[in-house]
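Report on the following structure.
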Amino acid sequence: GVKQPGLVVPLGGGKYKVISGHRRRLASLQLVKQGKDAYRKMPCMVEDGEREPGPEADELRAIDEAILLITTNGQREKTDWDKVQEATRLRALLERKRRFEKIPGETRKLIAEQLGTTPAQVGRYDSIEKHLIPAFKTWLEEGKIGISVAYELSTLSADVQEKAAAECWGKHGPVTLEDVRKWKPVERERPPVQPGPPVTMVTADETGPAPTSEQ
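Letter 177 of the sequence shown, counting from 1, is numbered 177 in our numbering, and no numbers are missing.
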């Protein structure tokens, strides 16, 4: 079937011009000729017909197609690493698109809507992408750690993560949240703040006495 929708622009009178998806259209027509009426209709995204032709329109079209490729790729099972990468790519595409068009809404919420998840989960993906050290990213890609552990690790400083990775290198079995918690630095007890001497607020004006040096 057609895994990724085509891209069309309206011509008026119920007709559309195919911008992207010509081979998908021809394949669908061939299937219909074989008696498979389920392919008589092909899913398409309708582009704004008011866009002026030119390099800017071409780049916007390429961005839209890349976004479609991510958001319509829900038919296969995705790993935690796949989900982080999708959120990262979608954020970059939306930021590129915002250079040309005004897109209402917070980026994190838009990504969550497109990927069918929550803004909080997108925030975890962002933290993993920005702060998780390469060694643990490789482990996430290989399935040695899950998304929850990866996120908790990303909240640690880079030097603590490096020490944790060295400690885990010879560990038999998966890295757990309990492992991460023991690496979190314990906040040292701070001495109580000693109160200073009392402060007297003095207002000086032309008729009153000026404050003394002690005041």
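Note that the Cβ used here is the ideal one computed from N, Cα and C, for glycine as well. Here the structure is a predicted model, which is why all the values come from computation and not from measurement.
Just curious, the beta strand (DSSP E) that residue i is in, first and last residue?
i: I19; result: K15 to S20
How far does the alpha helix (DSSP H) with residue i in it reach, from first residue to last?
i: L110; result: T107 to L115
i: P55; result: P55 to T71
i: V149; result: I147 to S154
Please classify residue i as buried or exposed, where buried requires at least 16 other C-beta atoms within 10 Å of its C-beta.
i: W139; result: buried
i: I111; result: buried
i: Q34; result: exposed
i: R190; result: Interpretation of R190 is limited by its pLDDT of 47, a score under 50 that renders its predicted location unreliable; the figure taken from the coordinates is listed afterwards. Exposed: under 16 other Cβ atoms inside 10 Å.
Comparing C-alpha positions only, which one of the options sits nearest to residue i?
i: W81; options: I147, V2 and A166; result: I147
i: V96; options: T71, E129 and R61; result: It is Arg, not Val, that sits at residue 96 in the sequence shown. Comparing Cα-Cα distances from R96 to each of T71, E129 and R61, the minimum goes to R61.
What does the alpha-carbon distance come out to for the pair residue i and residue j?
i: K41; j: T71; result: 20 Å
i: D64; j: L94; result: 9 Å
i: S28; j: L90; result: 29 Å
i: V186; j: V122; result: With a pLDDT of only 48 at V186, under 50, the local geometry of the prediction cannot be trusted, and the value read off the model is given with reservation. Spanning the two alpha carbons is a distance of roughly 28 Å.
i: R24; j: I67; result: 18 Å
i: S157; j: A164; result: 11 Å
i: R181; j: L153; result: 9 Å
i: S20; j: K109; result: 28 Å
Per DSSP, what kind of secondary structure is residue i in: helix, strand or coil?
i: R188; result: Because R188 sits at a pLDDT of 42, beneath the cut-off of 50, its placement in the model cannot be relied upon, and the point is left open.
i: G143; result: coil
Is any non-hydrogen atom of the ligand FMN found closer than 6 Å to the C-beta of residue i, if you look at the structure I gave you?
i: L31; result: With respect to small molecules bound, the structure shown includes none, and the ligand FMN cannot be examined in it.
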